[in-house]
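Heads up: the sequence shown runs through residues 1 to 252, numbered per this note's numbering. First up is the structure itself, then whatever we jot down about it.
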Amino acid sequence: PNIIHFVFGLKEQCDDFLFCYYLAVYSAYIINKPDLIFFYYHYIPKGTWWQKLLEIPVIKLEKVNIPTHIGSKEIKFLAHKADKVRMEKIFEKGGVYMDIDTISVKPYTHLLKNDVVLGKQEPYVGICNAIMMTKPKSEFFRIWLDKYEENFKTNGWNESSIDLPYKLSKKYPDLLLVLEPEVFFKPSYNNTFSIFNGKSDISDKLITLHLWEKMSLRYLKNINDWNWAKKNSETLYGKLIINLICKKSIIE
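In structure tokens form, the structure reads like this:
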């Protein structure tokens, strides 16, 4: 189904909702024309760009409990709590999951014919769960969820969310489509500088770009509105925002 899922606000919100977070949801709406956008939260965000996000016609807010365990294993890290929410929601409802640090570039519609679509990351080779597509209750996601607790490590990081789906994609290649990093995850986490600095062109293969917030927050927190793109129009992120401005103008 052409519905999109975002997860945010699993910790108390002291800071305002960033412009780049708004762009993640708004660009997904403008580019992909989804029937619904589910926004899962526990603590409600705040700020100017949060209020703008609420104007998106197809947004549907859904409050969730904060996960504490994967089976019998305690969850310590915020990212793993978000992992649990996203996995359960997308398995149940189907659709497209995107991290809040993404920006949509061109439609993914042609990919919806597949049961499951995931993307590879590099240089640490694995499946990145920042962007995922699946039909409701797909076989691949059922197997992934069945093995999740067994592989999960409370003090680990990649085991269940990156390594496990990669191994399963090799074992059950007929259950999914695996895309190369250029579609979602390139530039990669070790090269976020090139997203926000210097001259760069938009790859023809790029559909939605993951911005690797953990590595790029120093840039994202200083991008406060649309005007950043005018001053940084040669950068990749600047070009992606300008691309969005053009599409926004056509629609409006």
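Backbone N, C-alpha and C fix where the C-beta goes; we use that ideal spot for every residue, glycine too.
Top-ranked residue by Cα proximity to Glu150, from Ser160, Gln13, Phe141: If you number the sequence shown from 1, residue 150 lands on position 150. Cα-wise, what sits closest to Glu150 is Ser160.
Nearest to Lys253 by alpha carbon, out of Lys147, Cys14, Trp157, Arg142? The requested residue 253 does not occur in the structure, where the chain is confined to residues 1 to 252.
Please work out which residues of its chain come closer than 7 Å, Cβ to Cβ, to Ile242, disregarding the five sequence neighbours upstream and downstream, and give them in chain order. The count along the sequence shown starts at 1 and reaches residue 242 at position 242. Result list for Ile242: Ala229, Ser233, in chain order.
Going by DSSP, name the residue or residues bridged to Gln51. By 1-based counting over the sequence shown, the position of residue 51 is 51. Its beta-bridge partners do not exist; DSSP assigns none.
Out of curiosity, what's the CA-to-CA distance linking Glu182 and Lys205? Your numbering for residue 182 matches position 182 in the sequence shown. Your numbering for residue 205 matches position 205 in the sequence shown. Taking the straight line joining both Cα atoms gives about 6 Å.
Cβ-based neighbour list, Lys52, same chain, cut-off 7 Å, excluding 5 preceding and 5 following: For the purposes of this step, residue 52 is taken as residue 52 along the sequence shown, with counting starting at 1. The residues are Tyr22.
Given this structure, state the Cα-to-Cα distance separating Ile56 from Tyr29, to the nearest angstrom. The count along the sequence shown starts at 1 and reaches residue 56 at position 56. The count along the sequence shown starts at 1 and reaches residue 29 at position 29. Their Cα atoms are separated by approximately 8 Å.
C-alpha distance - Lys93 paired with Lys60, whole-angstrom precision: If you number the sequence shown from 1, residue 93 lands on position 93. If you number the sequence shown from 1, residue 60 lands on position 60. Looking at the two C-alpha atoms, the distance is approximately 14 Å.
Using CA atoms only, rank isn't needed, just tell me which of Ser188, Thr134, Leu217, Gly71 is closest to Thr154. On the sequence shown, residue 154 is found 154 positions in, with the first residue counted as 1. The shortest C-alpha separation from Thr154 is found at Gly71.
Out of curiosity, what's the CA-to-CA distance linking Asp35 and Leu240? For the purposes of this step, residue 35 is taken as residue 35 along the sequence shown, with counting starting at 1. For the purposes of this step, residue 240 is taken as residue 240 along the sequence shown, with counting starting at 1. Those two C-alpha atoms are separated by around 23 Å.
Residue range of the beta strand (DSSP E) that includes Asn129: In the sequence shown, residue 129 corresponds to position 129, counting from 1. Start and end: 126-134.
To the nearest angstrom, how far is the alpha carbon of Leu220 from that of Thr235? For the purposes of this step, residue 220 is taken as residue 220 along the sequence shown, with counting starting at 1. For the purposes of this step, residue 235 is taken as residue 235 along the sequence shown, with counting starting at 1. Near 14 Å, if we compare the C-alpha coordinates of Thr235 and Leu220.
Please give the ranges of any alpha helix (DSSP H) in the segment 152-240, keeping only runs that are unbroken, at least 4 residues long and fully inside the region. 164-171, 193-196, 213-220, 227-231
Nearest-angstrom Cα distance between Leu164 and Ile143? For the purposes of this step, residue 164 is taken as residue 164 along the sequence shown, with counting starting at 1. For the purposes of this step, residue 143 is taken as residue 143 along the sequence shown, with counting starting at 1. The C-alpha of Leu164 lies about 10 Å from the C-alpha of Ile143.
Roughly how many angstroms separate the alpha carbons of Ser200 and Tyr148, rounded to a whole number? One-based indexing of the sequence shown puts residue 200 at position 200. One-based indexing of the sequence shown puts residue 148 at position 148. Ser200 and Tyr148: Cα-Cα distance of roughly 38 Å.
Taking 8 Å as the threshold (C-beta atoms), are Val85 and Val64 in contact? Counting from 1 along the sequence shown, the entry for residue 64 is found at position 64. Counting from 1 along the sequence shown, the entry for residue 85 is found at position 85. Yes; because the gap between Cβ atoms is below 8 Å, this pair is in contact.
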